[in-house]
Structures are given as structure tokens and as C-alpha cells.
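Enquirer: Taking full-length UniProt numbering, I'd label the letters of the sequence shown as residues 1 to 809. Glycine included, every Cβ here is placed at the ideal spot set by N, Cα and C.
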Amino acid sequence: MYTLTSILAIIDHQRYRFVGLDLEIVDLAYDTRKIRHGGQSLFFALRSIRDGHQFIGEAYRKGVRAFVVSQADIDTSIYPEANFIWVEQVMAALQQLAQYHRMQFKKPVIGITGSNGKTVVKEWLTQLLLGDKRVYQSPKSYNSQLGVALALWNLNDDYDCALIEAGISQEGEMENLASMIRPDLGIFTNIGVAHASGFPSKQHKLAEKAKLFAQAEAVIFPSRYPIAPLLPDGLLQFSFGDKETDDVRILQIEREGRAHAAVRVAYQQEVATFSIPFQDKASIENVLTCLTVLLYMGYSLEAISQKLALLRPLEMRLQLKTGKNNCSIIDDTYSNDLASLQIALDFLFQQQQHRKKTLILSDMEGLDAKLRGKLLSLLQKQELDRILLVGERLQYLVSELTTPTQLYAQTEDLLFALKDIAFTDETILVKGSRAYHLEDVSQQIAAKSHETVLEINLNALEHNLQTFRSLLPADVKLMAMVKAFSYGSGSYEVANLLQFNKVDYLTVAFADEGVELRQHGINLPIMVLSPDEQVFESLLAHQLEPEIYSFRILKSFIAFLEARQITDFPVHIKIDTGMHRLGFMPEEMERLAGLLQATDTVRPKSVFSHLVASGSAAHDAFTEEQIQVFLQHVTQLEEHLGYRLVRHIANTSGIVRWPSAYLDMVRLGIGLYGVDMDGQLDLEMVSTLKTTITQIKALKAGETVGYDRKGVLYRDSRIATVKIGYADGYNRRFGQGVGKMMIAGQTVHTVGSICMDMCMLDVTDVLAHEEDEVLVFPDLMQAAHAIGTIPYELLVNISSRVKRVYFYG
Ligand SMILES: *Cc1c(COP(=O)(O)O)cnc(C)c1O
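Pasting the structure below:
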């Protein structure tokens, strides 16, 4: 389709150097970690968190022979076979190419924006249009400046329409996205109440989002958001809501039984009632958006009614689970297409815990000759150890692939064969379309679970990391705190993602935590906060870098290293500026420098201190003083030593509230996990603790519930028993109505004392059924306040017997 010379004609460039024959370009690359065989890739050296120009060498080694760059002085002689195009701005060039490609697509492009619900609306519309139209949708979360460009690149004539998401985080971003996407039809989902960071006001944010529709023919939106006045003249407005003027009028919404809602809608001269399989507000609004889109497209109320009844909630993609025989399983059995397969494979290769990688893959929809070729070349690029295929149409792959590949005609055949296949110490990606129900396969190879689970959303973790990064100047390093099992959310699973996202350092509390990370392929530098003599051997064996906090520990570590004739072992010096926990006192700098200078066993890499109350305005003067004391004494220490050290003092609240404390590096803890102690950022909660109702009983007024008859019932009640108790980390102080949980969006309270493995909830006033899912901490901050603690404690106390399930994608 494209060759390097045709691309040269599309993008504004300053100069170029081409060598050899014209190259055919299939893939756009920007991240060397995702390139496996780069022969047909065009690498864009983007300047974002890292400068892409630094990775040209690595891309070249991976086979890339075509580069778009902006840095003038690249030594091209070391890349004799590489082609270069110099442009002023690499991102702009990428977007220009994406825009050109999009304009070749002559069928409708639908652009979706809004604060929430974009992805759900996109996925549901795809579900709803399935069978009538071949829909292209941008892969999940590909909605940024870069993501949209990549999403558009994959668009081609095999599709009848395209759904593209546009996401922005600050003013001025939408114009670019709009000119790339050029939607024919626009969808506005909603505007969030929270976070106007990046925007002076909510109104500005709305105006910015409206820019997506500048060139569209029509836009669909809920009329309760004041977006109409911001839309360009001449644009057809098609709204839904409860106003007279709405095109689609919502007359009534009612709960219907346990899981459905009945929605009464008037459109033109007709009225109809739809039953939809959701009850929560957000899902209902998303359904209404989809319904309005279908009406706009000309579907009848009758036809829509049938389609809506079949909607399914979006299961989260890419679950990472623990398997039998020390395997890890990535379960992505919800849908199967090339784009999502690519994402799942990237996630597979992010996993460092096992060297061996296996793919179990089902047939995919619409696998025509062209897609067959693409699937083959995608698989050829992967370094897989084994492939198990399901579906006869995939037969062609068996002879073409060099990886050992086995074919099963149906899922049942694979299920039958599973008992004879030895899976050990490997990461297995199970990827299939819904029709193949490969979840049965992943269930068979997964370890059994207790029904209380902690769900860890790795996308949220990534989002939070980006949020903090965007606050930091580019030259400030970031250390991620993964102590205490990453604040309760996991060890290598979390560290893998942090390593992939190139944080600079990890920190654990104890050496064992670091050893665990090393054993699972984490090779980032790791600092250990509380080392003692017993673990010196282990520090050495696993390259863990101790915090040195006193003369006693320093001397014994020096002696230990001397005995083994080790030099230059990296250590981190802790200064006590007011916490009065661990650390050298400020007046000890000279003596400390003397000791450090007299030995070559240790080499200080950084010097740090900890803020006592960085989140508390009442103590701002003290924080200021801590920072000053730190700087002053570090300077003193450095003068004695004769060299500079990496300095760091800011924790999460320090990052949010004290830009003057960024220094050379920051230590990000609780914020990474989504707890916004300062209430200023748009963070996403990473972990969600869920349990289930085991039994419900009807009891009479006067009866009591639980130990010591503490839960006295003052009315006839329905009492639900759930599978979580204080042994799981649900504090006993949550008993007697102090704890709040949530069932299908409804708040309920505990009754009686919390037992070891269970507790009871009063569900008299709500809809609840046995086996329902229960959210244990609907509001973590509130829960912590209720029992006089802080969110940190609730998170780290979630017992290790509660299974962690990781989601990504
Ligand atoms: C835990 C810890 C942090 C992180 O603190 P948060 O408030 O969670 O960001 C930073 N530095 C040290 C020394 C810590 O022990």
C-alpha cells in the first residue's frame, strides 16, 4: 500500500536520505519494546517521556530500516542500511500520515468524545451493528494524540464504517485529533464532574470537546449537558433527554426485576419501551446514547428493541491469573481481532516472570485472504515457544509457522487434549472470540480461587503513573514504591508494568520483597528501606541496594563487603530531617563523609529524606524547613565527598503540593495506587475488593445476628452473609453498622460483629440475591475515616489469601 517514497510525498519534510530499494511500509513503530521484527516498520522518533532518537540503534538492531526523525545531527554512518526522513516535528508527521490515510477511507467515520463511556459506547455500537455492518473500532484506550494516529493507520476498505475515540487532557488538544479523525458523525457521551485539571473551567473543557465536531454533518448528545450552544452552525443536532425539544425523548426509566431496566422512549410519532440488561446509571446513559445513534441511522424502534436486549456488559479484557504448575495465564477470551491480538501479545511479552511463552488462539471473524496473510505475518514476528490453534480455518498457519504449532478443530478437542499437555513455568496467552468459549480452557489451567478477590486494574495504574509524570519536569527521575506487596496490590505483576513503563527505580521495605521481584525477571534498580545484617548476603546475591541510615549499619556493611573484596556497591544515604525514624542526623554529615571517603566498598548513589506531613497545610512551615535542612546538609555532605548525589525527598503529597521538593527524583507511593490523599488529581483506583453473598435469610424483629448477640434487629429484616472477615483484612471495627458495602449500586451496612471469615449485611431495603457480587470498600477514604485509620492501612491489610486478579487492556 505505502512505500517509503509515497510516504515522503505525504509528510512535510526538510530532507531525507534513502538507500537501496524503495521499502514497503506496513507497520508504524514508536516504541522499540514493541518491535520484534522491524523490516516493514517505519519508526517515528517521538519525543515524549523518552526521546525516541535514543532508541534508533535498538530499532535498527530489530530490523527497522526506515526512520522519521527531527534531530539534525544523527550519525547516519553507523546505520548504513537505514533510510531517514527529517521533519520539524515527528508527532506532527505521524499525524499527517494518519490524516492522509483516513481521507482515503470513503465510508462514514464516527468520532466519539466525552469524559466517560467512550469505550463502552464504541464497543456496544460495534456489538449492535454486528451482522449489518463491518465496523472498525479504535482499539481500547487508543484515544490520545498518538493513539488516534495509530488507530487510524489500521483503517482499510474491509470496513463499512469506523468508530474512533478521541480523548483529551488539556486545552488545545482536540484540534489535532479532529483534523485527523474528521468525523462524519459525532457522538458526545458526557462530561465528568470531577477533574478540570488541564482546563481553566468545565465550560472550557466542554468547548474543547465540541471542537471534534467542527466538520461533522451531525452530532448526537444528551441534552442535559450544555453543549448545544458550543456546536458550529449548520451542524445537525440530534439529542436525547427529557426535554420537549429532544429528538429522542426519554419518558421513564424503571428498574425491572433483578438486573434489567425498562426505558420508555418517544421518537417521532411512536412510543416504545425497551428492556435493557442493566440498572446502573452510567450503563443506562450509555445505552441511551447507542439507541439514539441507531435511530439516527434509520433503524426502527422494533429492530432496536431486539438488538438492545442482547447487549452484554464489557468484561474486562486481559485478565492475568495464576495458573497451575507455576504458570501465569492471560485470559482474553472476549473477542478476537488483529488489533486486540496485537495488544494481548504485547502484554504477553511484557511479562518477565517466565521465559517460556505459549499462545492459545482461536479462529477470528472475517478471516479473509488478506487477514490471513496479516495474521500469519503477525505471528511470525513473535518469539513464541508454542502455539495451540483452535478452528480448522487456521490450518494454513501450521505449515507456515516455524514455532511448534498444534491445531484443534474445536474447543472441545483442545479441552480433551489439555490433560496430556504439560504446562509448567510459562506464560500462556489464551486469546479467542466469544464463540469459541476459550474461557473454559483458561479455567482448566488456572488455579482455583476463593470467592473474595482483589481486582487490580493495571490500566488505572498506568494512568496514575502518567498523571504524576505529567506533573514532573522531564529531568526528574521517578522511584515507585512497591513496598508491602505494592500497597497490597501485588508484587511482580505490578513491577512488570512499572518496568515496562520505564520508571527509574523501585523501592521495597525488606530484602525478601526485592528477592521476589528479582526471581520474576525485574531488573530495575531496587532500593531496600530497612536492611539489617542478616540480609547482606541476599542484597549482594540479588543486586539490591540498601538504605544506609546509621553508623552501625554502615560499618557492618563496609566490613561485610571488605571481607569479600567487593568495591563500589551502590547504597542510598538517609538523612533524618524531622521524621525521627531512621536516618543520620544533620549534624553527622562530616563524620559520615569521612567514613564514606575512607572506603571504596560502597558507592552512595543517592541521598534522601522523608517528609513528615507533606499533605497537611497545617504543617507547611515544617515541611519547608525539612526541605531546607535537607538541602543544606546534602550540600555539606557533597562538599566533603567531592561529588554530587541524586537527591530525593518528595512522596506522593510532596509531588502534588511541593514542586520545590522535586529535586532529582521523587518517590511515588499511594498515589500510584489511585488514592488521592490531596483530592487534586484525576486518579483511578487500582484495586477493588469484591466478595459474594453466600446466604440470605429473613429474620424477625428482636432476633440477633452474630457473636455475642451484638446485632440486634429492631425490625423484620433480610440479612445477607458475605465471604469476608477479619482474617481477610476486613477490620473488626467495621462491625455493628460501621462498615458500608455496595450491592448493585446500593449501599448496605454491616450488622453484628465481623467474624473471622464472614460477616453479615442488612439488605432489608435493597435488591440483593444470593451469589450477588458485593463491593467491600465503595469509598476507601470514607471507610478509613469510619474506623479512625488511613487508606494505606486498609489496602496493605487485605490478606494474602484474598486472590489477586489483574486486568489490563
Ligand atoms: C512509603 C514511603 C514513601 C511513599 O509515600 P506515599 O505517601 O505513599 O507516597 C516515600 N518514601 C519513603 C521513605 C517511604 O517509606
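What is the DSSP secondary structure of R355, reduced to helix, strand or coil?
Expert: Coil.
Enquirer: If M364 and N336 are in contact, beta carbons under 8 Å, what's the gap, nearest whole angstrom?
Expert: 4 Å
Enquirer: Exposed or buried, F584, counting other C-beta atoms within 10 Å across all chains shown (16 or more means buried)?
Expert: buried
Enquirer: Closer than 5 Å is what we want: which residues have a beta carbon that near any heavy atom of ligand 1? List them in chain order.
Expert: Those residues, listed in chain order, are M481, H610, N651, T652, R667, G669 and I670.
Enquirer: Run through DSSP, which three-state label would K321 get?
Expert: strand
Enquirer: Between which two residues does the beta strand (DSSP E) carrying M586 extend?
Expert: Looking at the sequence provided, one finds Pro at residue 586 rather than Met. Per DSSP, P586 belongs to no beta strand (DSSP E) and is neither H nor E.
Enquirer: Report the option in E624, N731 and L683 whose CA atom is closest to the CA atom of A460.
Expert: In this structure, L683 is the residue among E624, N731 and L683 with its C-alpha nearest to the C-alpha of A460.
Enquirer: What three-state label does DSSP hand Y436 in the structure shown?
Expert: In the structure shown, Y436 sits in a helix (DSSP, three-state: H, G or I).
Enquirer: Can you tell me which of the three DSSP states M174 falls into?
Expert: helix
Enquirer: Taking C-beta to C-beta, are L540 and R564 nearer than 9 Å?
Expert: yes
Enquirer: Quick test of the definition: if touching needs 3 or more C-beta pairs under 8 Å, does the region 664 to 676 touch the region 688 to 696?
Expert: Judged by Cβ distances under 8 Å, the region 664 to 676 makes no contact with the region 688 to 696, as fewer than three pairs qualify.
Enquirer: Roughly how far, in whole angstroms, is the beta-carbon of S530 from the beta-carbon of A559, given that I think they are within contact range, below 8 Å?
Expert: Between A559 and S530 the Cβ distance is about 19 Å, and since that is not below 8 Å, they are no contact.
Enquirer: Please state whether the Cβ-Cβ distance between Q319 and I330 is less than 9 Å.
Expert: yes
Enquirer: Name the residue from L414, A303 and W124 whose alpha carbon lies nearest to the alpha carbon of K312.
Expert: Reading off the sequence, residue 312 comes out as Arg, not Lys. That would be W124, whose Cα lies nearest to the Cα of R312.
Enquirer: One question on the structure: do H520 and Q353 come within less than 9 Å of each other, judged by their Cβ atoms?
Expert: Yes, these two residues count as a Cβ contact at 9 Å.
Enquirer: Per DSSP, which one or two residues make a beta bridge with I699?
Expert: The displayed chain sequence assigns Leu, not Ile, to residue 699. DSSP lists S717 as partners of L699.
Enquirer: I think L23 touches T3, with their Cβ atoms under 8 Å apart; what is that distance to the nearest whole Å?
Expert: 6 Å
Enquirer: Going along the chain, which residues of its own chain have a beta-carbon closer than 7 Å to the beta-carbon of D280, five neighbours each way excluded?
Expert: These residues qualify, in order along the chain: G745.
Enquirer: How many angstroms separate the CA atom of A194 from the CA atom of V219?
Expert: Its pLDDT being 49, under 50, A194 is placed unreliably by the model, and nothing is read from it.
Enquirer: Helix, strand or coil for S141? Go by DSSP, reduced to three states.
Expert: coil
Enquirer: Given this structure, state the Cα-to-Cα distance separating A92 from I655, to the nearest angstrom.
Expert: 31 Å
Enquirer: Rounded to the nearest angstrom, what separates T635 and D568 at their Cα positions?
Expert: 22 Å
Enquirer: What would DSSP say about F44, mapped onto helix, strand or coil?
Expert: strand
Enquirer: Extract the residue ranges of the beta strand (DSSP E) inside the region 424 to 493, only unbroken runs of 3 or more that lie entirely within it.
Expert: 426 to 431, 453 to 457 and 477 to 481
Enquirer: Measure the alpha-carbon distance for K555 versus D600 and round it to whole angstroms.
Expert: If I take the Cα positions, the gap works out to 13 Å.
Enquirer: So, for T507: in the same chain, excluding its five sequence neighbours on each side, which residues have a beta-carbon less than 8 Å away from its beta-carbon?
Expert: M479, A480, M481, V482, K483, I526, M527, V528, L529 and R667
Enquirer: Tell me whether P473 is buried or exposed, calling it buried when 16 or more other Cβ atoms sit within 10 Å of its Cβ.
Expert: exposed
Enquirer: Cβ of D504 within 9 Å of Cβ of L524?
Expert: yes
Enquirer: Using only CA atoms, which one of E88, S399 and L8 lies nearest to R47?
Expert: E88 is the residue among E88, S399 and L8 whose C-alpha sits nearest the C-alpha of R47.
Enquirer: For M760, which residues in the same chain have their Cβ closer than 8 Å to its Cβ, ignoring the five residues on either side in sequence?
Expert: Closer than 8 Å at Cβ, skipping near neighbours: V705, G706, G711, I719, A720, T721, V722, T750, V751 and G752.
Enquirer: Quick one: grab the DSSP three-state call for P531.
Expert: coil
Enquirer: Between the C-alpha atoms of L230 and Y267, what's the straight-line distance to the nearest angstrom?
Expert: 25 Å
Enquirer: Per DSSP, which residues does E254 bridge with? Please list them.
Expert: Paired residues: A262.
Enquirer: First and last residue of the beta strand (DSSP E) that includes I187?
Expert: L185 to F188
Enquirer: Indicate the three-state DSSP secondary structure (helix, strand or coil) for S660 in the structure shown.
Expert: helix
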